[in-house]
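Positions in the sequence shown are counted from 1; adding 999 to them yields my numbering.
All residues carry an ideal CB built from backbone N, CA and C; glycine is no exception.
Inspection log for the structure reproduced underneath, given as structure tokens.
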Amino acid sequence: MNILVLNTSTNELELGLYQDLKQISIMNITTNNQLSEVLHTEIEKFLKKESLSLKDIDGINCFKGPGSFTGLRIGASLVNALAYSLKIAIVGSIGKDWIKKGNQRLVDHVNEKMIIPFYGAEVKTTAPIK
């Protein structure tokens, strides 16, 4: 099973490729607050270096938080869209060993079907202006 791992919780995008639980490649890319502009391209370049495309991915493990509100939303949105369009499994993971736990869940055929970011606290919104 080819697993793409993705962490968009900081200004440094983390991408990884695993064959089941074995790490094949991992890369960190500084995005300079342009995550939404470079994310798709960086994933394609990353996979191309391994002679793969999105069609070769069997599952995606996404870090779902806590972290940057906008970064987590961008990552979850992309993962949800890719999983739906490619008809592949996705899981969202948290904690220091998020990659290991998430990949194991994918190998065990878990599919969350939708990732919802975990912000680490209640979301604070401002009252609407009347």
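Just tell me which of the options has its CA closest to the CA of residue i.
i	options	result
N1079	K1047, F1062, G1094, T1030	F1062
Q1018	N1102, S1067, T1125	N1102
F1068	Q1022, I1115, E1041	I1115
E1111	E1043, Y1083, A1088	A1088
Rounding to the nearest angstrom, what Cα-Cα distance links residue i and residue j in this structure?
i	j	result
I1098	I1128	42 angstroms
P1065	Y1118	4 angstroms
L1005	K1086	18 angstroms
A1075	K1048	24 angstroms
D1132	N1001	Since the displayed the chain opens at 1000 and closes at 1129, residue 1132 lies outside it and no answer follows.
DSSP three-state call for residue i: helix, strand or coil?
i	result
K1153	Beyond the ends of the chain as shown, which are 1000 and 1129, falls residue 1153; an answer cannot be given.
I1089	strand
F1206	With the chain covering only 1000 through 1129, there is no way to say anything about residue 1206.
V1078	helix
V1106	helix
Here's a check: name, in chain order, each residue in its chain whose Cβ is nearer than 8 angstroms to the Cβ of residue i, leaving out the five neighbours to either side.
i	result
N1032	N1010
G1070	T1007, S1008, T1009, N1010, L1034
L1046	L1003, L1016, S1052, L1053, D1055, I1056
Let me know the alpha helix (DSSP H) ranges lying completely inside the segment 1015 to 1060, each 4 residues or longer, listed in chain order.
1034 to 1048
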